[in-house]
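Just so you know, the protein sequences line up as chains E and A, in that order.
Numbering-wise (my numbering), the first sequence opens with residue 1 and increments by one.
Numbering-wise (my numbering), the second sequence opens with residue 1 and increments by one.
Cβ coordinates follow ideal geometry from the N, Cα and C atoms, glycine included.
The structure appears right after this line, and notes come after that.
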Amino acid sequence: MFGQIKMIITVLLIAGLAGAGMYVMKLRSDNAILKANQSKLETAITEQNKVLEQQKQDFTAIMESNKKLNVLINTFKKDLQDLDKRFTKKNRDIGKLAIDRTGAIERIINKGGVNAARCIELASGAEHTDAELKATLKSEINPECPSLANPNYVPYQ
Amino acid sequence: MYHINKIFALAIIILLTGCSIGGEKKIKIFSIEKPREKLDYPMPTALQLEDLKWIIITSKNAEEVFAKLEEAGIDPVLFGLTDKDYQVLARNFAQIRQKLQETNNLLEEYKKYYEDTGNSQ
């Protein structure tokens, strides 16, 4: 009888010790999981911050690009208006002028044609010449597309 | 008998907890992000246009112009435009040039955005 009680107590003691050991092991495992979770959360936060920063940069880049394109489109409108002005300035009639001063208008038209062709070359990606880059005076520029051909030319106001 | 029971109890405990010691190794799965290959086309080559000559012909100089053409061995024929149509042609060319410039600019902006800032998808 006494022996059996002793055995039960021993079994209970061993089971208790084993249980305690397992509980400690579980706690350690939980701790490790929590540590891993914490590390993952920190990484996720860092990554989220990186994404936010990248989004900010992208947004700025898009805004800048839009601004540039808007400036370009406004320049186009101005170039077309300038072209119209050249034909109609002060009630100018190019037909009548061509009848009266045929030779002079022919020279002007041919020069304009060469300039316009150069504008197309530049628009398709041709390199600027030194003269085009250095042009700052009205007499030196390509009047067909000054904003494209002569980036250093500032028109008089 | 007492020792046998003890050993038996210990054996049962070890048997029951044995699998939880050490355990299976976990498989680690990790992903490596491989960026998409760049579409590295060179920019289109610039145009090189050929020269052309405009001839203004009026009722006064028509004969002289045709005579000069014949003298130079050129067929005495001209493809004409009125002054108004010449203005339209000039405007059309300006619009084509602007569209070309706009398209090239867009291409450069796309290239800059997706290649310089590493936004390749």
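(message) Let me check understanding here. Comparing Cα to Cα, which of A:K84, A:K60, A:I56 lies closest to R92 of chain E?
(response) Here the closest residue by C-alpha is A:K84.
(message) Going residue by residue through the segment 82-109 of chain E, where are the continuous beta strand (DSSP E) segments of at least 3 residues, counting only ones entirely within it?
(response) The qualifying runs do not exist here; there are none.
(request) Quick one: residues in its chain with C-beta nearer than 6 Å to the C-beta of L69 of chain A, no 5 flanking neighbours on either side, listed in chain order? (result) So the qualifying residues of the chain are P76.
(request) Assign F76 of chain E to one of two classes, buried (16 or more other C-beta atoms within 10 Å of its C-beta) or exposed (fewer than that). (result) Buried.
(request) Ignoring anything shorter than 4 residues or poking outside the segment 14-80 of chain A, list the alpha helix (DSSP H) runs there in chain order. (result) Taken in chain order, the complete alpha helix (DSSP H) segments of 4 or more residues contained in the segment 14-80 of chain A are 62-71.
(request) Along the alpha helix (DSSP H) that carries S147 of chain E, what are the first and last residues, could you check? (result) Counted as a single uninterrupted DSSP element, the alpha helix (DSSP H) harbouring S147 of chain E occupies residues 146-149.
(request) Use the C-beta contact count for R118 of chain E: other C-beta atoms within 10 angstroms, 16 or more gives buried, fewer gives exposed. (result) Looking at its Cβ environment, which holds 16 or more other Cβ atoms inside 10 Å, R118 of chain E is buried.
(request) Please compile the residues from chain E whose C-beta is within a distance smaller than 8 Å of the C-beta of F30 of chain A. (result) Under a criterion of Cβ atoms nearer than 8 Å, no residue of chain E is adjacent to F30 of chain A; the nearest Cβ is some 12 Å distant.
(request) Give every residue of the same chain whose Cβ lies closer than 6 Å to the Cβ of N115 of chain E, excluding the five residues on either side of it in the sequence, and list them in chain order. (result) In its chain, beyond the 5 residues on either side, N142, E144 have a beta carbon closer than 6 Å to the beta carbon of N115 of chain E.
(message) Along the chain, where does the alpha helix (DSSP H) containing A90 of chain A start, and where does it finish?
(response) A90 of chain A -> alpha helix (DSSP H) spans 83-111.
(message) Measuring alpha carbon to alpha carbon, tell me which residue in E:A15, E:M25, E:I120, E:F2 is nearest D51 of chain A.
(response) Nearest option by C-alpha distance: E:I120.
(message) Just checking: is the beta-carbon of D30 of chain E within a distance shorter than 9 Å of some beta-carbon in chain A?
(response) Not one chain A Cβ lies under 9 Å of D30 of chain E.
(request) Using the Cα positions of Y41 of chain A and K111 of chain A, report the straight-line distance between them to the nearest angstrom. (result) If you draw a straight line from the Cα of Y41 of chain A to the Cα of K111 of chain A, it comes to about 10 Å.
(request) Check the Cβ-Cβ distances between F79 of chain A and every residue of chain E, and say whether any is below 9 Å. (result) The C-beta of F79 of chain A comes no closer than 9 Å to any C-beta of chain E.
(request) Find out if the Cβ-Cβ distance for the pair I4 of chain A, A18 of chain E is shorter than 9 Å. (result) Against a cut-off of 9 Å, the Cβ pair of A18 of chain E and I4 of chain A comes out as no contact.
(request) May I have the straight-line CA-CA distance separating T102 of chain E from I57 of chain A, to the nearest angstrom? (result) Rounded to whole angstroms, the separation of the alpha carbons of I57 of chain A and T102 of chain E is 8 Å.
(request) Using a cut-off of 9 Å between C-beta atoms, extract the partners of Y113 of chain A located in chain E. (result) In chain order: D58, A61, I62, S65.
(request) Tell me whether T75 of chain E sits in a helix, a strand or coil according to DSSP, three-state version. (result) Assignment of T75 of chain E by DSSP, reduced to helix, strand and coil, places it in the helix class.
(request) Less than 8 Å between the CB atoms is what I'm expecting for N104 of chain A and S147 of chain E, so what's the real figure, rounded? (result) Contact flag wrong, Cβ pair sits at about 14 Å.
(request) Using a threshold of 9 Å, state whether the C-beta atoms of K38 of chain A and E115 of chain A are closer than that. (result) Annotated as proximal: K38 of chain A and E115 of chain A, with beta-carbon spacing under 9 Å.
(request) Whole angstroms is fine: what's the gap from K99 of chain A's alpha carbon to A36 of chain E's? (result) Going from the Cα of K99 of chain A to the Cα of A36 of chain E covers about 57 Å.
(request) Just the C-alpha distance for N49 of chain E and Q81 of chain E, rounded to the nearest angstrom, thanks. (result) CA-to-CA, the gap between N49 of chain E and Q81 of chain E works out to about 48 Å.
(request) Would you kindly work out how many angstroms separate the C-alpha atoms of V79 of chain E and E71 of chain A, rounded to a whole number? (result) According to the sequence provided, residue 79 of chain E is Asp. The question's Val does not apply to it. Their backbone Cα atoms lie some 40 Å apart in a straight line.
(message) Against chain E, which members of the segment 44-72 of chain A pass a CB distance test of less than 9 Å?
(response) Residues are counted here when their Cβ sits less than 9 Å from a Cβ of chain E; for the segment 44-72 of chain A these are P44, T45, A46, L47, Q48, L49, E50, D51, L52, K53, W54, I55, I56, I57, T58, S59, K60, N61, given in chain order.
(request) Could you tell me which chain A residues have their CB closer than 8 Å to the CB of N110 of chain E, listed as they occur along the chain? (result) Within 8 Å Cβ-Cβ: K53, W54.
(request) Mind checking which residues open and close the alpha helix (DSSP H) that includes A132 of chain E? (result) The sequence given here has Glu at residue 132 of chain E, not Ala. Residue range 130-134 is occupied by the alpha helix (DSSP H) that includes E132 of chain E.
(request) Could you give the DSSP three-state label for K56 of chain E: helix, strand or coil? (result) Under the three-state reduction of DSSP, K56 of chain E is assigned to helix.
(request) Give a yes or no on whether the minimum CB-CB distance between L127 of chain A and chain E is below 9 Å. (result) The structure shown has nothing for residue 127 of chain A, since chain A only spans 1 to 121.
(request) Could you check the C-alpha separation between G112 of chain E and K85 of chain E for me, to the nearest Å? (result) So the alpha carbons of these two residues sit roughly 14 Å apart.
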